[in-house]
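**Student:** Here it is: the structure, laid out below.
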Amino acid sequence: MDLKLSLAPLAGYTDRAFRTLAKEFGADLVYSEMISAKAVCYGDRKTHDLADFDEIERPILFQLFGSEPRDFEIAAGILAERYHPEGFDINCGCPVPKIVKSGEGSELMRSPALIGRIVEATKKAGLPVSVKLRTGVDEAHKNVLDCARAAVESGATLVAVHGRSREGGFSAPIDFESIARVREEFSDVEVAANGGITNARAAKETIEKTGVSHLMLARGALGHPWLFDEIKAAFRGEDYTAPDLYTVLTQHLDLACRFKPVSRALPEMRSQLAFYFKGLRGAAQTREKLMRAASRADIDAILKEFFNR
Ligand SMILES: Cc1cc2nc3c(=O)[nH]c(=O)nc-3n(C[C@H](O)[C@H](O)[C@H](O)COP(=O)(O)O)c2cc1C
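The working numbering applies: residue 6 is where the sequence shown begins, and numbers increase by one.
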């Protein structure tokens, strides 16, 4: 089996630093954080921060959200010309009320035809297009097959399915059956399974129950970016020794401070740090000290003290 592991889009987390780290630990594909198609059309500068990436991160898909096909066409055109990503992904899963109220994210799943029109519009930039779906808007309306069909008929070449409905949020049990049906129905396109893959056992279960060999890792990789290598080792039947946490954290902070000034990098990493330090004694004070660090040297000193190096 040709196992493929991607790092899911996680707004607020999967920035350049984290994507680079994930690549180093074996991710085969990474996604940008979600980028507003409309904001790109307006020339919003912040969206360009989200789109910036390093060559080492390739292959990378830019994830766009929105609801107007025309916005996707224009945004994809601008981003393709300026950044040359490997392709675009359409966010059809975001449950955040502000997004849903604007008819974006998971709300797109109410209209498979609109998803089809958005895929078609995005494809005009000349790059491959994928969609990231949930199983449906709610448990009574699981229309992932209709949405996948609309996307594929309009030219999408990769369909990722988060095995929960919007109603199921981020904690409902994974509906493997829905993912398996997408895999069976669309044998010519790549299908990725997402949801709840936090260890090698869950990865194996997902593959067994869905028949999908492309797994998309999300929260499982937070504070645990070596999960990609760990899963790959398990599939090869090898034992895996987790890397030293101090080394990984130092590497992550190095990357974060390479791309942003310390004064911005650290506050933005606050919630990432919580994942690394989870369950460690004295972690809360150390995290607070890190938030007040003024330089890379301060960071080093704080980490060395905590890890006794
Ligand atoms: C903090 C957070 C941010 C997320 N941001 C995005 C996003 O920008 N685009 C997207 O398609 N999904 C986003 N997701 C959903 C994840 O990509 C993934 O589908 C979901 O977390 C389920 O996978 P998991 O159970 O392995 O975490 C986000 C999820 C979380 C928890």
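Note that the Cβ used here is the ideal one computed from N, Cα and C, for glycine as well. Predicted, not measured: the structure shown is a model, and the values here were computed from it.
1) Among C99, E73, I61, which one has its Cα closest to the Cα of P90?
2) Between the stretch 141-155 and the stretch 199-207, can you find at least three pairs of beta-carbon atoms closer than 8 angstroms?
3) Relative to the alpha-carbon of L319, which residue among R63, A81, R75 has its alpha-carbon at the smallest distance?
4) Taking P248 as the reference, which of L26, S300, L222, A85 has the closest Cα?
5) Under a Cβ-count criterion, where at least 16 other Cβ atoms within 10 Å of its own Cβ denotes burial, should P133 be classed as buried or exposed?
6) Note down the Cα distance separating I104 from L163, rounded to an integer number of angstroms.
7) If L8 and K237 are in contact, beta carbons under 8 angstroms, what's the gap, nearest whole angstrom?
8) How is F58 classed by DSSP in three states: helix, strand or coil?
9) What are the uninterrupted segments assigned as alpha helix (DSSP H) that are 4 or more residues long and contained completely in the stretch 181-247, given in chain order?
10) Which residue from M6, M274, E172, N204 puts its Cα closest to that of H229?
11) Within 10 Å of its beta-carbon, does T246 have 16 or more other beta-carbons around it, so buried, or fewer, so exposed?
12) What I want to know is whether the C-beta of K137 ends up closer than 8 angstroms to one or more non-hydrogen atoms of ligand 1.
13) For S268, which of R21, I184, V149, S300 has the nearest alpha-carbon?
14) G92 by DSSP, collapsed to three states: which one?
15) Taking 8 angstroms as the line, does the beta carbon of M39 fall inside it for any heavy atom of ligand 1?
16) Can you check which of these residues, V187, P178, R224, V194, is closest to E210 by C-alpha distance?
17) Let's see if you can read the secondary structure: which residues bound the alpha helix (DSSP H) around V45?
18) Taking 9 angstroms as the cut-off, decide whether the C-beta atoms of L258 and L308 are in contact.
19) By Cβ distance below 8 angstroms, which residues in the same chain neighbour D49 in space, the five residues on each side in sequence not counted?
20) Quick check: what's the CA-CA separation for R75 versus T291?
21) By DSSP, does I304 sit in helix, in strand, or in coil?
22) Looking at C-alpha atoms only, which residue of E195, R224, L232, G225 is the closest neighbour of T215?
**Tutor:** Short version:
1) Distance check between P90 and each of C99, E73, I61 places I61 closest, using alpha-carbon atoms only.
2) Note that the stretch 199-207 does not touch the stretch 141-155; fewer than 3 beta-carbon pairs, one per stretch, sit closer than 8 angstroms.
3) There is simply no residue 319 to check, as the chain begins at 6 and stops at 314 in what is shown.
4) The alpha carbon of P248 has as its nearest neighbour, out of L26, S300, L222, A85, the alpha carbon of L26.
5) In summary, P133 is buried, with 16 or more beta-carbon neighbours lying within 10 Å of its beta-carbon over all protein chains present.
6) I104 and L163: Cα-Cα distance of roughly 23 angstroms.
7) Contact flag correct, Cβ pair sits at about 7 angstroms.
8) F58: coil per DSSP, three-state reduction.
9) As far as the stretch 181-247 is concerned, its whole alpha helix (DSSP H) runs of at least 4 residues are 181-190, 205-215, 232-240.
10) Among M6, M274, E172, N204, the Cα nearest to that of H229 is on N204.
11) T246 comes out exposed.
12) Yes, Cβ of K137 sits closer than 8 angstroms to a heavy atom of ligand 1.
13) Of the candidates R21, I184, V149, S300, the one whose C-alpha sits nearest the C-alpha of S268 is S300.
14) Assignment of G92 by DSSP, reduced to helix, strand and coil, places it in the strand class.
15) The closest heavy atom of ligand 1 lies less than 8 angstroms from the beta carbon of M39.
16) Closest option to E210, Cα to Cα, is P178.
17) In the DSSP annotation of this structure, the continuous segment of the alpha helix (DSSP H) that includes V45 starts and ends at 42-46.
18) Yes, these two residues count as a Cβ contact at 9 angstroms.
19) Within the same chain, D49 has close Cβ partners S41.
20) The alpha-carbon atoms of R75 and T291 are separated by roughly 48 angstroms.
21) The three-state reading of DSSP puts I304 in helix, counting H, G and I together.
22) If we check each option's Cα against that of T215, E195 comes out closest.
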